Amino acid sequence: MLDELSSWLDKQGEGNMPELYKVLCAGAPLQLLEFGKKNDAFEQSLAAIEQFLQADFAHPNDFTSVVVKGDVIPLLSAISISLLELQKSYFAPTQSVESHQALRSLKSKLDYQQAFDMTQRLNQLVEQLTTHTGLNQELLISRWLIESKC
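In our numbering, the protein residues as written are 89 to 238.
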């Protein structure tokens, strides 16, 4: 299926789409094209997580501001799927992680248990934000990131 997707992307002039994006979009070609055009917030979010985890004295505002500017739930869901891919890579190399600089960097900073806990808390956050409207998204997202560092 990924071979068919790759050949279709080549015909569309988008043959250099990262493997991670193909995983995030579950091989849906039109969704993949759309995600590829709007990937800035996703890439900035992963970079902000990486920077936050790396710094001794960091503030989660860089990450939070990127997330709340966009479509919060889909962006957090994409990050969650990326963290799941990261977890898989601890057991066997995955092209989606190895070919993505920010995920490779996160892998060097997190052990499997930290990645698992981070993903689990993020999934709970997404569920909470989906179920209950009117919550302070910035505060909850910042809390998730701070708890992920501990």
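Where a beta carbon is used, it is the ideal one built from N, C-alpha and C, also for glycine.
Since this is a predicted model, take the numbers as computed values, not measurements.
Buried versus exposed, by CB contacts within 10 Å (16 or more), residue i
i	result
Leu118	exposed
Tyr109	buried
Leu227	exposed
Gln212	exposed
Thr219	exposed
Three-state secondary structure (DSSP) of residue i
i	result
Lys127	A small fix is needed here, since residue 127 is Asn in this sequence, not Lys. Coil.
Tyr109	helix
Ser187	coil
Phe179	coil
Ala166	helix
Asn149	helix
Ala114	coil
Ala143	coil
Beta-carbon proximity list for residue i, same chain, < 7 angstroms, skipping 5 on both sides
i	result
Arg209	Trp232, Glu235, Ser236
Gln225	Val156, Val160, Leu217
Ala166	Leu112, Phe130
Leu163	Ala129, Phe130, Ser133, Val155
Ala136	Asp150, Phe151, Val154
Own chain, CB closer than 6 angstroms to residue i, minus 5 neighbours either side, in chain order
i	result
Gly158	Ala129
Leu134	Ala190
Spatial neighbours of residue i in its chain, beta-carbon cut-off 8 angstroms, leaving aside the 5 residues before and after
i	result
Glu173	Leu108, Val111, Thr182, Ser184, Val185, Leu191
Trp96	Pro117
Any non-hydrogen atom of the ligand MN closer than 7 angstroms to residue i Cβ
i	result
Ser196	For the ligand MN, the structure offers nothing, since it holds no ligand at all.
Which parts of the region 196–230 are runs of the alpha helix (DSSP H), unbroken and 4 residues or longer, counting only runs that do not cross its ends? 200–219
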